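Undergrad: Have a look at the structure that comes next, please.
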């Protein structure tokens with residue numbers, strides 16, 4: 210019983226991290242129709258930026274994170290939109306898929322040769338302590354990560370639904386022309402989505418790297434999982450990302466422990482395929498209307 | 006194209022084929038290997054170009070078919086089947102699995118289809134890796150022999166290249182005939198306007214399934230050549246990354262253009278080799294070059310010809 | 148009352164809105180029926196229910212005495228019902244000639260035999276005749292998507308007639324077409340009707356066009372038929388006038 214609870218809790222904790230990355234993915238999709246295959250690398254890159262500030266420049270973690278956040282907003286937010294997405298978006302889905310794939314290869318190998326191909330440990334923002342809750346021994350990091358990640362995901366949700374800017378962003382996502390008529394600056398709203406994605410990527414890096422360790426190809430797994438999470442939850446819905454992420458995280462833990470570690474990835478994948486074929490809008494998404 | 010260009014087309018094409026057929030005599034064995042790999046990828050790319058470029062579907066699962074073809078060929082070779090049977094068997098199995106993959110395509114469109122085919126590829130990878138009794142698992146399958154046809158051994162690199170290149174040319178001719186036939190027109194109709202297609206009696210169901218199945222069968226043949234070429238197959242050769250590389254080939258060459266995959270395969274197979282002067286940096290350079298190439302010419306390399314025509 | 152097409156008591160509602168509310172009419176072989184009515188009167192929804200784009204909530208559609216209610220567009224096409232679209236619907240990257248051949252090739256032979264038939268599926272001559280009839284000779288080799296709006300409209304209409312369908316539904320053929328071309332179109336449709344002998348149903352706002360083309364005219368308002376009869380009688384009908392003026 211305690212085993213099961215422990216597995217569930219650590220599943221929620223990793224799942225919440227997938228959710229953060231997935232949230233960025235759904236935001237970009239909604240705002241601009243971009244399928245971002247460089248999703249994982251956009252978490253890996255901030256992780257290495259922080260490492261650089263920590264190890265080479267010897268700055269404290271808080272300062273390193275802030276500097277990384279700024280760099281992420283500029284490069285992964287602004288430059289990504291202006292230099293890659295804007296020129297390609299009117300040519301349909303495929304050229305952008307290819308371009309983000311190119312970015313993924315580029316970022317990964319740039320990190321490998323320019324920094325290092327080795328594995329690095331990464332300091333956690335949480336104290337390294339075990340606590341005991343009704344006989345359940347959990348680390349502060351697990352609880353902290355789950356709470357923080359869920360909090361941020363809900364915060365983004367709140368921002369989208371309850372603030373004027375957030376609602377304007379949703380209006381643009383749903384119907385760009387109608388939003389323009391209402392006097393909303395569509396381009397600026399799309400830019401906000403890219404900036405939020407970049408900020409989420411930096412935050413995800415801060416939370417996952419202590420667990421996953423920093424390596425140039427750490428984005429591969431993370432990107433795949435976040436991708437599953439986004440689609441299972443419904444990638445035209447930002448609440449879906451949280452559900453999808455937690456579901457993937459928990460399922461992986463359970464299947465890995467009770468069924469077979471070699472098909473650990475298989476179950477999330479199976480769920481993903483079932484969702485795609487039988488309810489392509491995802492568990493929480495709304496069906497997209499067919500245009501005639 | 007101008008009148009002169011048009012009248013030169015056939016002689017140039019025939020000269021290019023002859024040149025490519027005799028090229029290995031002047032190359033070292035590694036060069037012949039790369040050239041053979043190029044031909045294998047051209048076959049798989051032609052199939053994907055049918056699915057993506059001509060019929061307007063999205064597929065991120067072509068490497069899975071390459072894998073199914075390769076494992077089929079590997080297993081059958083171990084069991085002592087003749088290569089004359091292996092190639093059609095690989096093609097047929099992929100054709101059937103491709104039909105199966107076409108069904109989700111009937112339910113979901115565009116980006117969902119991208120995800121569905123991507124999931125299919127990941128599933129195939131897991132099966133290749135985990136079902137050790139059949140595929141050898143992560144260790145893969147070793148010592149796959151080069152084929153023997155009518156008592157003729159294709160074990161030398163140059164001989165095997167010529168066999169592969171011959172099959173490539175035959176398949177290219179078949180593809181050209183398919184595209185010129187009424188089927189080719191129906192594929193284009195499906196791509197350009199499925200609603201209008203249905204209203205003039207073109208069954209989008211039938212042609213969508215065929216586009217996937219024929220595209221997959223081409224990858225199956227490519228797989229049946231890939232296995233004896235490398236002699237050793239493992240799951241890592243058939244990941245989503247490879248599917249993306251094949252899509253890259255089709256897009257960079259120019260989707261829906263007949264010679265797109267041949268040109269695209271040059272970029273994907275040979276460019277990394279040429280970039281070796283950049284040593285460790287070459288994959289990074291390769292990645293960013295793709296981004297620049299896409300931004301500069303989203304229609305692919307062959308779309309540049311159009312730009313010059315109509316400035 | 149067995150005509151070529153018999154429509155009986157069609158209803159289609161979207162939630163509380165009754166887009167089509169109990170429409171019955173029939174079309175005789177060779178007849179050209181005009182459909183007029185203010186915007187939102189249910190003309191296009193009626194078309195869509197007949198053409199299988201949406202299933203009617205209730206009612207029955209008989210074609211040549213057989214029930215075709217709710218059949219998908221593909222099956223209707225195969226039975227000999229053609230259509231044109233209000234918005235442009237051509238195969239943009241195919242040439243005009245290929246558009247026309249594509250519109251007819253699936254009606255010949257089996258798919259397997261088509262795979263091995265001549266590239267033009269034996270329809271080259273038929274396509275060239277249509278190209279001559281529609282005066283599209285100078286653009287026949289260009290991609291259909293690159294033509295002007297009016298020319299694409301002509302291609303769209305020519306496509307519907309390639310397989311010599313027994314019934315063609317034309318949705319606003321004059322919309323966005325310049326007046327000179329409208330005269331040509333009128334002559335073409337009359338010629339096709341007398342030569343090929345099919346029946347047409349035409350939705351159109353251009354009254355003059357409708358009056359000169361159609362034997363009978365049906366006026367719809369609020370999802371129902373307001374009046375149906377010879378063109379002159381409909382034009383003089385006070386209820387029709389009111390429906391338009393009150394719009």
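Residue numbers (this note's numbering), protein chains in the order written: chain A, 210 to 501; chain G, 6 to 316; chain B, 148 to 394.
Every residue, glycine too, gets a C-beta built ideally from N, C-alpha and C.
Note that the structure is predicted; figures quoted are calculated from it, not measured.
1) State the start and end residues of the unbroken alpha helix (DSSP H) segment that holds residue 224/G.
2) Which same chain residues end up closer than 7 Å to residue 50/G when comparing Cβ atoms and leaving out the 5 residues on each side of it in sequence?
3) Does the beta carbon of residue 471/A come closer than 7 Å to any beta carbon on chain G?
4) Take every Cβ of the region 366-376 of chain B, pair it with every Cβ of the region 205-221 of chain B, and state whether three or more of those distances are shorter than 8 Å.
5) In this structure, how does DSSP classify residue 311/B when only helix, strand and coil are distinguished?
6) Quick check: the Cα distance between residue 238/G and residue 211/G, rounded to an integer number of angstroms?
7) Counting contacts by CB-CB distance shorter than 7 Å, is residue 261/B in contact with chain G?
8) Here's the rule: buried if 16 or more other CB atoms are within 10 angstroms of the residue's CB, otherwise exposed. What is residue 17/G?
9) Is the beta carbon of residue 287/B sitting closer than 7 Å to the one on residue 302/B?
10) Give me the chain A residues within the contact set of residue 107/G, using Cβ-Cβ distance strictly less than 8 Å, ordered along the chain.
11) Within 10 Å of its beta-carbon, does residue 362/B have 16 or more other beta-carbons around it, so buried, or fewer, so exposed?
12) Considering residue 366/B, what are the terminal residues of the beta strand (DSSP E) in which it resides?
13) Which residues in chain G have a C-beta closer than 9 Å to the C-beta of residue 318/A? List them in chain order.
14) Establish whether the CB of residue 253/B and some CB of chain D are separated by less than 7 Å.
15) Could you check whether the region 191-207 of chain B touches the region 294-312 of chain G, counting it as contact only if at least three pairs of C-beta atoms, one from each stretch, sit closer than 8 Å?
16) Output yes if chain G places a C-beta closer than 7 Å to the C-beta of residue 230/B; else output no.
17) Taking CB distances under 7 Å as the criterion, tell me whether residue 288/B reaches chain G.
18) What are the residues in the region 208-219 of chain G lying within 7 Å of chain B by C-beta distance?
19) Of all the CB atoms in chain B, is at least one closer than 7 Å to the CB of residue 6/G?
20) CB-CB under 7 Å to residue 281/G, same chain, minus the five flanking residues each way: which ones, in chain order?
21) Is the beta carbon of residue 107/G closer than 7 Å to that of residue 30/G?
22) Taking just the CA atoms, how far does residue 318/B sit from residue 441/A?
23) Note down, in chain order, every chain B residue with its Cβ under 7 Å from the Cβ of residue 15/G.
24) Could you pull out every residue in the same chain whose Cβ sits closer than 8 Å to the Cβ of residue 315/B, ignoring the five residues on either side in sequence?
25) Name, please, each residue of chain A whose Cβ falls closer than 9 Å to the Cβ of residue 178/G.
26) Using alpha carbons as the reference points, say which of 206/B, 250/B, 276/B and 246/B lies closest to residue 221/B.
27) Determine the direct distance from the alpha carbon of residue 168/G to that of residue 40/G, and round the result to whole angstroms.
28) What span of residues does the beta strand (DSSP E) with residue 165/G cover, start to end?
29) For my contact list, residue 95/G and residue 225/G are in at a C-beta cut-off of 8 Å; report their separation, rounded to the angstrom.
30) Tell me which residues share the same chain as residue 388/A and place their Cβ nearer than 6 Å to its Cβ, disregarding the 5 neighbours each side in the sequence.
31) For residue 299/B, does the count of other Cβ atoms within 10 angstroms reach 16, so buried, or fall short, so exposed?
32) What did DSSP end up calling residue 159/B once you bin it into helix, strand or coil?
33) Going by the beta-carbon positions, is the gap between residue 180/B and residue 199/B smaller than 7 Å?
34) Classify residue 282/B: buried if its beta carbon has 16 or more other beta carbons within 10 angstroms, exposed otherwise.
35) Measure from the alpha carbon of residue 317/A to the alpha carbon of each residue in 488/A, 435/A and 428/A, then state which is nearest.
36) Give a yes or no on whether the minimum CB-CB distance between residue 239/B and chain G is below 7 Å.
TA: On the basis of the data shown:
1) 209-235
2) 251, 254, 255, 266, 269 and 270
3) yes
4) no
5) coil
6) 34 Å
7) yes
8) exposed
9) no
10) Within chain A, no residue comes near residue 107/G; the closest Cβ sits about 12 Å away, beyond 8 Å.
11) exposed
12) 363-368
13) 285, 286, 287, 288, 289, 290, 291 and 292
14) The structure shown contains no chain D; its protein chains are A, G and B.
15) no
16) yes
17) no
18) 208 and 211
19) For residue 6/G, the pLDDT reaches just 45, beneath the cut-off of 50, and the residue's location in the model is therefore unreliable, although a value from the coordinates is still provided. By this cut-off, residue 6/G is not an interface position.
20) 287
21) no
22) 41 Å
23) Neighbours of residue 15/G on chain B: none; closest Cβ ~17 Å, over 7 Å.
24) 228, 229, 230, 231, 307, 308, 345, 346, 347 and 348
25) Near residue 178/G there are no residues of chain A at all, since even the closest Cβ is about 27 Å away, more than 9 Å.
26) 250/B
27) 12 Å
28) First-last for residue 165/G: 162-185, but that is the alpha helix (DSSP H), not the beta strand (DSSP E).
29) 4 Å
30) 380, 381 and 395
31) buried
32) strand
33) no
34) exposed
35) 428/A
36) yes
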